[in-house]
Amino acid sequence: MSFLKKLGRSPAVRSAAGSFLAGYLRLVWRTGRFALDPPNLHDYAEANLPVIFAMWHGQHFLTPFVKRPEYDAVVLISRSADGEMNAIAAEKLGIRAIRGSGDHSGQFARKGGVGAYFQMVEALEAGTTVALTADVPKIARKAGLGIVMLAKQSGRPILPIAIATKRRIDLKSWDKASVNLPFSRGAVVAGPPVWVPCDADAEALEGYRLKVEQAMNDATARAYDIAEGRATPAMWSEATIDELAASREATAALRAGTERRGRAHA
């Protein structure tokens with residue numbers, strides 16, 4: 003093992019790196035000028051709490067600042083060495099970490115995914131918002147089924163979130179990560195919440211997975227457009243609001259009916 007790898011496994015080094023990352027992200031946020039899209043984004047979030055914050059990997063670094071201080075939230079972070087640093091940074095920014103990750107090659111259990119999944123379900127049932135990256139590990143911009151299953155089981159909506167800054171360094175990494183820079187114009191974009199009914203079968207779940215994927219890509223494109231001055235924040239249309247209300251009510255009614263039948267047969 004090389005000296006650098008050994009150094010990277012040192013708890014002291016990881017702690018220092020996590021503290022540095024948290025401090026740097028605070029600098030970026032506090033010196034930036036971030037527009038919210040829609041402008042009343044927090045009103046929609048609060049009306050549906052707890053929610054499942056969905057982010058693309060590599061575009062998620064500033065997400066801790068989206069939540070208001072009174073929100074209780076946890077974030078799913080992998081068990082990797084990089085994940086350890088990110089977990090330390092998240093906790094210093096006021097968000098508890100659940101450790102584990104999915105995997106597209108059949109190693110879900112080995113990576114702590116099963117335990118992490120049920121911890122997220124329990125957190126949502128307790129009223130805690132859960133944040134996680136939506137994409138399949140090592141496959142950028144492709145949503146996995148895990149987040150859709152979480153929404154189905156918990157009955158909570160998926161809220162697509164994208165954050166972009168005009169000043170940034172775009173990396174040539176698998177996740178197309180961007181390093182946000184201080185003193186920049188930026189945007190925080192929320193796509194309409196996605197509700198997944200509790201009776202969704204495999205075919206329906208695939209449809210919702212694609213819906214989340216498209217919503218994430220739309221939010222990301224819009225975040226860059228606003229940050230770079232090609233678009234301005236706007237309220238959601240009345241049609242979108244009516245559609246969201248109908249989806250929420252239908253999902254809640256279906257879940258309530260299923261729970262009543264379950265109690266009747268108990």
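So for the sequence shown, my numbering puts the first residue at 3; every next one is plus one.
We put the CB at the ideal spot given by N, CA and C, even for glycine.
Since we're looking at a predicted model, the values are computed, not measured.
Residue 79 has 101 as its beta-bridge partners, per DSSP.
With contact defined as three or more Cβ pairs closer than 8 Å, the segment 195-208 and the segment 250-259 are in contact.
Counting along the chain, residue 189 sits inside the beta strand (DSSP E) bounded by residues 187-192. Residue 50 carries a coil assignment under DSSP once its states are collapsed to helix, strand and coil. Within the same chain, 57, 58, 59 and 62 come within 7 Å of residue 135 by CB-CB distance, once the 5 residues on both sides are set aside. Under the DSSP definition of a beta bridge, residue 161 partners with 55.
Cβ neighbours of residue 200 within its own chain (closer than 8 Å, five residues either side excluded): 154, 155, 157, 253, 256, 257 and 260.
Taking a contact to require three or more Cβ pairs closer than 8 Å, the segment 136-153 and the segment 210-219 qualify as touching. For the pair residue 92 and residue 132, the Cα-to-Cα distance works out to about 13 Å. Exclusion of the five residues before and after residue 43 leaves 192 as the residues of its chain whose Cβ lies within less than 6 Å of its Cβ. Contact between residue 76 and residue 97 is confirmed by a C-beta separation of about 7 Å, below the 8 Å threshold.
Between the alpha carbons of residue 32 and residue 72 lies a distance of about 19 Å.
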